[in-house]
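Here the sequence shown is numbered in the working numbering, starting from 33 and rising by one per residue. We put the CB at the ideal spot given by N, CA and C, even for glycine.
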Amino acid sequence: MDRIKLMISMRSEIRPPSAAFTEKDMPDLTGKVFLVTGGSSGVGLELCRILYHRGGRVIVGGRSEKAFQSAADNIKANPASDLGNCPKGSLEFLYIDLSDLMTVKPAAQELLSKINRLDVVWYNAGVMIPPVGSKTKQGYELQWGTNVVSHFLLNRFLSPLQTKTAESAPANSVRTIWISSSAHHFAPDPYGINFGDINYEHSKKKPDPWMTYGQSKVGDVLCAFEYAQQVSAKGIVSLSLNPGNLKTNLQRHAGSIMRLFSFMLFPARLGALTELYAGFAPELTVKKGFVYIIPWGRIGPLNKRVRLGLEEYGTSKKLWAILVKETEKYM
Numbered sequence: 033m034d035r036i037k038l039m040i041s042m043r044s045e046i047r048p049p050s051a052a053f054t055e056k057d058m059p060d061l062t063g064k065v066f067l068v069t070g071g072s073s074g075v076g077l078e079l080c081r082i083l084y085h086r087g088g089r090v091i092v093g094g095r096s097e098k099a100f101q102s103a104a105d106n107i108k109a110n111p112a113s114d115l116g117n118c119p120k121g122s123l124e125f126l127y128i129d130l131s132d133l134m135t136v137k138p139a140a141q142e143l144l145s146k147i148n149r150l151d152v153v154w155y156n157a158g159v160m161i162p163p164v165g166s167k168t169k170q171g172y173e174l175q176w177g178t179n180v181v182s183h184f185l186l187n188r189f190l191s192p193l194q195t196k197t198a199e200s201a202p203a204n205s206v207r208t209i210w211i212s213s214s215a216h217h218f219a220p221d222p223y224g225i226n227f228g229d230i231n232y233e234h235s236k237k238k239p240d241p242w243m244t245y246g247q248s249k250v251g252d253v254l255c256a257f258e259y260a261q262q263v264s265a266k267g268i269v270s271l272s273l274n275p276g277n278l279k280t281n282l283q284r285h286a287g288s289i290m291r292l293f294s295f296m297l298f299p300a301r302l303g304a305l306t307e308l309y310a311g312f313a314p315e316l317t318v319k320k321g322f323v324y325i326i327p328w329g330r331i332g333p334l335n336k337r338v339r340l341g342l343e344e345y346g347t348s349k350k351l352w353a354i355l356v357k358e359t360e361k362y363m
């Protein structure tokens, strides 16, 4: 019942108005470099389609070069809306397995050896409600390790180049986007992170998979918030967002609950427009600080508990310190 009440209160996110910022609003991206993790399918693929057909150099992070090649063929053969006659960019594969922290440093080193700027990063890849007990190679709860820890580590490597890029790039154009979800509303009490046992290793009963997924999405919000505190003065905009309730393979483990609410799912392109807004909308500036974006490209509210934790209990600083300590050995 509580979950149903919460969904009713989220009705603006569940049934959003039409997108105001779309492909036709995109500037020429020639000469700019972008990284999208999980860009071979779903929302990431649709985002890459837009970036490529507007002239951007697009690096796609993922585990499967075969999946990337299939996505690249699809993107090249099917232009994004309103961009069919625009100059094309390029698509490149970067191997990284976010369920294995040992792959992050080699991926970052390879990327940094090939590029001299990095304009926008979307930490887009994610896992949603896999079988309870699923773990990363390093023993993290799979959603937490994949959605939060690996992206945090990757960001540690990429931040210096983004800082350098911001020194000469147009104001507010260098951005880091941490993809969250409406599921952050379902994260554990009191403030969204179960700090006493983040991986639920000592829980007497199996955790609700939606709750652990929601916790990982709060983790993305907290990373975006804390990173904004650190880099806004350097010219980097750090944001988080809910891309929307979408028809993608992210729901492959969701089972009957997603079938029940399938009428509420939208095409992946609309989620890409949310990510596009976060990456390029001119009203999003370092002066605004951290903001949370909701479908299909609007500044919206965070969950009240999560916001309270950020503003009054320093949850982002606490999490950041934990992640720095845990990822140090992989630097």
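- Query: For Leu292, is the classification buried or exposed, using 16 other Cβ atoms within 10 angstroms of its Cβ as the cut-off for buried?
  - Reply: As a working mapping, residue 292 is identified with position 260 in the sequence shown. At Leu292, the pLDDT of 44 sits below 50, so the modelled position is not reliable; the number obtained from the coordinates is stated separately. Sixteen is the threshold: since fewer than 16 other Cβ atoms of the shown chains lie within 10 Å of the Cβ of Leu292, the residue is exposed.
- Cβ shell of Lys320 (< 6 Å), same chain only, five flanking positions each side left out: Here residue 320 refers to the residue found at position 288 when the sequence shown is read from its first residue. Same-chain partners within the cutoff: there are none.
- Could you tell me whether the Cβ atoms of Thr359 and Arg188 are closer together than 8 Å? Translated into the one-based positions of the sequence shown, residue 359 becomes position 327. Translated into the one-based positions of the sequence shown, residue 188 becomes position 156. In this structure, Thr359 sits near Arg188, with a CB-CB distance shorter than 8 Å.
- Query: The alpha helix (DSSP H) spanning Ser145 covers which residue range?
  - Reply: By 1-based counting over the sequence shown, the position of residue 145 is 113. For Ser145, the enclosing alpha helix (DSSP H) starts and ends at 136-146.
- Item | Collapsed DSSP secondary structure at Gln283 in the structure displayed | Your numbering for residue 283 matches position 251 in the sequence shown. Since pLDDT at Gln283 reaches only 47, below the 50 mark, its modelled position is unreliable, and the value read off the structure follows with that caveat. In this structure, Gln283 counts as helix in the three-state DSSP scheme.
- Gly251, enclosing alpha helix (DSSP H) - first and last residue: Residue 251 sits at position 219 when you count from the first residue of the sequence shown. Unbroken alpha helix (DSSP H) run through Gly251: 241-263.
- Compare the C-alpha of Thr347 against each of Cys80, Pro49, Cys255, Ala201 and name the closest. For the purposes of this step, residue 347 is taken as the residue at position 315 of the sequence shown. Distances from the CA of Thr347 to each of Cys80, Pro49, Cys255, Ala201 were compared; the closest alpha carbon is that of Cys255.
- Message: Am I right that Gly158 and Thr178 are in contact with their C-beta atoms under 8 Å? What's the rounded C-beta distance?
- Response: Walking along the sequence shown from the start, residue 158 turns up at place 126. Walking along the sequence shown from the start, residue 178 turns up at place 146. About 7 Å separates the two Cβ atoms, so the contact holds.
- What is the DSSP secondary structure of Ile161, reduced to helix, strand or coil? The residue labelled residue 161 in the question sits at position 129 within the sequence shown. Residue state for Ile161 is assigned as coil, using DSSP reduced to three classes.
- Message: Under 8 Å, with one C-beta from each stretch per pair, do the region 197-210 and the region 139-157 reach the 3-pair mark?
- Response: At 8 Å Cβ cutoff, the stretches touch.
- Message: Checking 8 Å against the spacing of the C-beta atoms, do Leu342 and Phe257 come in under that value?
- Response: The residue given as residue 342 occupies position 310 in the sequence shown. The residue given as residue 257 occupies position 225 in the sequence shown. Yes, the pair counts as a contact, with Cβ atoms nearer than the cut-off.
- Message: Across the region 96-110 and the region 122-138, are there enough close Cβ pairs to call them in contact, namely three or more that are closer than 8 Å?
- Response: These segments touch.
- Classify Arg86 as helix, strand or coil using the three-state DSSP reduction. Translated into the one-based positions of the sequence shown, residue 86 becomes position 54. Residue state, collapsed to three classes: coil.
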